[in-house]
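K.L.:
The letter at position 208 of the sequence shown is residue 208 when you use full-length UniProt numbering, and the numbering goes up by one with no holes.
Cβ coordinates follow ideal geometry from the N, Cα and C atoms, glycine included.
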Amino acid sequence: MITVWGRKTSSNVQALMWCIGELGLSFTRYDIGHKYGGNNTAEFLAMNPNGTVPVIKDDNNNDGNSTPIWETGAILRYLANRYAKPPFWSEDLETRTHVDKWAEWSKINIALNFTAPIFWQVVRTAPQHQNQEEIAKAIDKLGSMLNIAEMQLEKQKFIAGDHFSLADIQFGHTLYRYFDIRINRPMHPALIGYYNRLTERPAFKKHIMVSYEELRVT
Ligand SMILES: N[C@@H](CCC(=O)N[C@@H](CS)C(=O)NCC(=O)O)C(=O)O
Numbered sequence: 001m002i003t004v005w006g007r008k009t010s011s012n013v014q015a016l017m018w019c020i021g022e023l024g025l026s027f028t029r030y031d032i033g034h035k036y037g038g039n040n041t042a043e044f045l046a047m048n049p050n051g052t053v054p055v056i057k058d059d060n061n062n063d064g065n066s067t068p069i070w071e072t073g074a075i076l077r078y079l080a081n082r083y084a085k086p087p088f089w090s091e092d093l094e095t096r097t098h099v100d101k102w103a104e105w106s107k108i109n110i111a112l113n114f115t116a117p118i119f120w121q122v123v124r125t126a127p128q129h130q131n132q133e134e135i136a137k138a139i140d141k142l143g144s145m146l147n148i149a150e151m152q153l154e155k156q157k158f159i160a161g162d163h164f165s166l167a168d169i170q171f172g173h174t175l176y177r178y179f180d181i182r183i184n185r186p187m188h189p190a191l192i193g194y195y196n197r198l199t200e201r202p203a204f205k206k207h208i209m210v211s212y213e214e215l216r217v218t
């Protein structure tokens, strides 16, 4: 059994929950963070000194202590190493590294260039405090990264190849919000096709296509 600490409206928690869903793992999840609080208690900080979500513990952890794991990228790799089968996470080093490369690229270039500079500005900032010029610049910057994804998706079904993999979790988990918020998006037809394919996946529907209204600042 995997225990997850983190609210379902956190994009990082969503990535992890999507992975858990794709791998068919059993879990218990506690709403922690943002309006639920609970992430600055001594007990929580002893698990994760950063006070951020998600944190997981896995009863199957071989160290016998269910040592807490934090940092979403590390959690995803842990779950993949422990529970996934190829082609989601290959046993072959080169193939796995190719997937890992796109996962890391997505975290750094897509999630980080979307969440704070765009999503937080559009949804988590009161309209009178939103800086439209800065938002437009951020959309342009993200757009140049999405051009790279577009080139990938014009030639293959998923971000790291023709099979769904860990890289799609890191890349695709921000797309529901990207396509749902009211912004002017650059044209990326292959990306739209890819996003539509993701929305057909039950675990994506359940864990990613989640209302973010509780985060909205009006
Ligand atoms: N680098 C960390 C970042 C974790 C993070 O910033 N989590 C956010 C939610 S996405 C958080 O805990 N925010 C504080 C809160 O929810 O109260 C990771 O990838 O897991």
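1) By a C-beta neighbour count over all protein chains shown, 10 Å radius and 16 as the cutoff for buried, is M17 buried or exposed?
2) For a quick check, are the C-beta atoms of A190 and E133 less than 7 Å apart?
3) In the UniProt domain "GST C-terminal" (92-218), which residue ranges form an unbroken alpha helix (DSSP H) of at least 4 residues, counting only runs that do not cross its ends?
4) Out of curiosity, what's the CA-to-CA distance linking H156 and T115?
5) With DSSP collapsed to three states, give me the class of R77.
6) I181 and V122 look like a contact to me (Cβ under 8 Å); what is the Cβ gap, rounded to whole Å?
7) If distances are taken between C-alpha atoms only, which option among F119, F171, G37, E71 comes closest to S106?
8) Starting from W18, trace the alpha helix (DSSP H) in both directions and tell me its first and last residue.
9) By Cβ distance, which residues of its chain are closer than 6 Å to F164, with the 5 residues on each side in sequence left out?
P.N.:
Based on what the coordinates show:
1) Burial call: buried.
2) Going by C-beta atoms, A190 is not nearer than 7 Å to E133.
3) Within the UniProt domain "GST C-terminal" (92-218), the alpha helix (DSSP H) runs of at least 4 residues that lie entirely inside it are, in chain order, 93-105, 132-155, 166-172, 175-180, 189-199, 202-207.
4) For the sequence presented, residue 156 should be read as Gln rather than His. When rounded, the separation of the alpha-carbon atoms in Q156 and T115 is 26 Å.
5) Looking at R77 - three-state DSSP - the assignment turns out to be helix.
6) Indeed, because the Cβ distance is near 5 Å, the residues count as touching under 8 Å.
7) Comparing Cα positions, the closest option is F171.
8) Annotation for W18: the continuous alpha helix (DSSP H) segment containing it runs 11-23.
9) Cβ contact annotation for F164 (same chain, cutoff 6 Å, sequence separation greater than five): F158, in chain order.
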